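Colleague: Listed in order, the protein sequences are those of chains D and Z.
Here our numbering is used: the first residue of the first sequence is 1, the next is one more, and so on.
Here our numbering is used: the first residue of the second sequence is 1001, the next is one more, and so on.
All residues carry an ideal CB built from backbone N, CA and C; glycine is no exception.
All of these numbers come straight from a predicted model, not from anything done at the bench.
Before we start, here is the structure in question, set down as structure tokens.
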Amino acid sequence: TQLLEQSPQFLSIQEGENLTVYCNSSSVFSSLQWYRQEPGEGPVLLVTVVTGGEVKKLKRLTFQFGDARKDSSLHITAAQPGDTGLYLCAGVEPSGSARQLTFGSGTQLTVLP
Amino acid sequence: NAGVTQTPKFQVLKTGQSMTLQCAQDMNHEYMSWYRQDPGMGLRLIHYSVGAGITDQGEVPNGYNVSRSTTEDFPLRLLSAAPSQTSVYFCASSYREIRGHTLNTGELFFGEGSRLTVL
């Protein structure tokens, strides 16, 4: 199983600040997914990045896949309390194995009003 | 739209008891899986299935059994509960897509979770 290191584990910021969450591995992934999870619910997909170097934007969220497809980042601009949640990255292995998805340990983000 | 439905949402067991967590999806997804979520450890794969009649082990399969008799249902059985199995369990399903030369798992659709406490 490939490992995904996610950092930071916890992040507490004021409304309006910017932040970046990192997802790193020594292994190559065929794609990488980012999920957000709110208390008492299951994770919900935000975005999938597929191509090395790819950048995707979702309103104030910017996702980047590393050129070598080993790492990814999530940048939030002007964070709002509604962004509070657990952010999880998940790498899809290139082997074709059905086990495929490896999750990072998550970043718990709290945005204070 | 139902999506992925898990029951029960909460359960308390005594050590040694057995139980089944139910999972059903109505999206005709081939792929179904069970994860457990523990603080600071993200989601760990217990068992998965790529279609009816096919199951396989994930990262942490010990103490759990699964079966997939239909496309819709994927129950998770705890044979003899232990305190180490106290966790939040998530069932997820997905379509599978061909990308390049490989068959890949697409977006995972999760249930709302089942919180299990083993005393």
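(1) Sort Z:F1090, Z:Q1025, Z:Q1085 and Z:A1082 by Cα distance to L1051 of chain Z and report the nearest one.
(2) Going by CA-CA distance only, name the one from Z:G1003, Z:G1040 and Z:S1114 that's closest to V44 of chain D.
(3) Would a C-beta distance cut-off of 8 angstroms place R1077 of chain Z and E1059 of chain Z closer than the cut-off?
(4) Within the 8 angstroms Cβ cut-off, does G1040 of chain Z reach chain D?
(5) T48 of chain D touches chain Z at which residues, Cβ-Cβ below 9 angstroms?
(6) Note down, in chain order, each residue of its chain lying with its Cβ closer than 7 angstroms to the Cβ of T84 of chain D, except the 5 sequence neighbours on either side.
(7) Taking only beta-carbon atoms, is N43 of chain D less than 8 angstroms away from chain Z?
(8) Buried or exposed for D67 of chain D, please, with buried defined as at least 16 other CB atoms from any protein chain shown within 10 angstroms of its CB.
(9) Taking the continuous beta strand (DSSP E) assigned at G973 of chain Z, which residues delimit it?
(10) When you compare the CB of G52 of chain D with every CB in chain Z, is at least one pair closer than 8 angstroms?
(11) Please look up how many angstroms separate the CB atoms of M1027 of chain Z and S1069 of chain Z, rounded, as I've assumed it's under 8 angstroms.
(12) Shorter than 8 angstroms from the beta carbon of S105 of chain D to some beta carbon of chain Z?
(13) Mind checking if L88 of chain D is an interface residue toward chain Z, Cβ cutoff 8 angstroms exclusive?
(14) Is the segment 22-36 of chain D touching the segment 67-83 of chain D in the sense that three or more CB pairs, one from each, lie closer than 8 angstroms?
Modeller: According to the data block:
(1) As a working note, residue 1051 of chain Z is residue 51 in the second sequence. The sequence shown places Gly at residue 1051 of chain Z, rather than the Leu named in the question. Of the residues Z:F1090, Z:Q1025, Z:Q1085 and Z:A1082, the one whose Cα lies closest to the Cα of G1051 of chain Z is Z:Q1025.
(2) Start at 1 with the first residue of the first sequence, and residue 44 of chain D comes out as number 44. Ranking the options by Cα distance to V44 of chain D, first place goes to Z:G1003.
(3) Position 77 of the second sequence, counted from the first residue, corresponds to residue 1077 of chain Z. Position 59 of the second sequence, counted from the first residue, corresponds to residue 1059 of chain Z. No, the Cβ-Cβ distance between R1077 of chain Z and E1059 of chain Z is not below 8 angstroms.
(4) Residue numbering aside, residue 1040 of chain Z sits at position 40 when the second sequence is read from its first letter. G1040 of chain Z counts as touching chain D.
(5) Counting from one through the first sequence, the residue named residue 48 of chain D turns up at place 48. Neighbours of T48 of chain D across chain Z, judged by C-beta separation under 9 angstroms: G1106 and E1107.
(6) Your numbering for residue 84 of chain D matches position 84 in the first sequence. Here the set comprises L109, T110 and V111.
(7) On the first sequence, residue 43 of chain D is found 43 positions in, with the first residue counted as 1. Per the sequence shown, residue 43 of chain D should be read as Pro rather than Asn. Answer yes: the Cβ-Cβ gap between P43 of chain D and chain Z drops below 8 angstroms somewhere.
(8) Residue 67 of chain D sits at position 67 when you count from the first residue of the first sequence. Classification for D67 of chain D: exposed.
(9) Look at the range of chain Z in this structure, 1001 to 1119, and you will see that residue 973 of chain Z is not part of it.
(10) If you number the first sequence from 1, residue 52 of chain D lands on position 52. No, G52 of chain D does not count as interfacial toward chain Z.
(11) Against the second sequence, residue 1027 of chain Z aligns to sequence position 27. Against the second sequence, residue 1069 of chain Z aligns to sequence position 69. Not really, about 18 angstroms apart at Cβ, beyond 8 angstroms.
(12) Taking the first sequence and counting its residues from 1, one reaches residue 105 of chain D at position 105. Answer yes: the Cβ-Cβ gap between S105 of chain D and chain Z drops below 8 angstroms somewhere.
(13) As a first step, residue 88 of chain D must be located in the first sequence, where it is residue number 88. Taking Cβ atoms only, chain Z reaches closer than 8 angstroms to L88 of chain D, which makes this a yes.
(14) The segment 67-83 of chain D vs the segment 22-36 of chain D: in contact.
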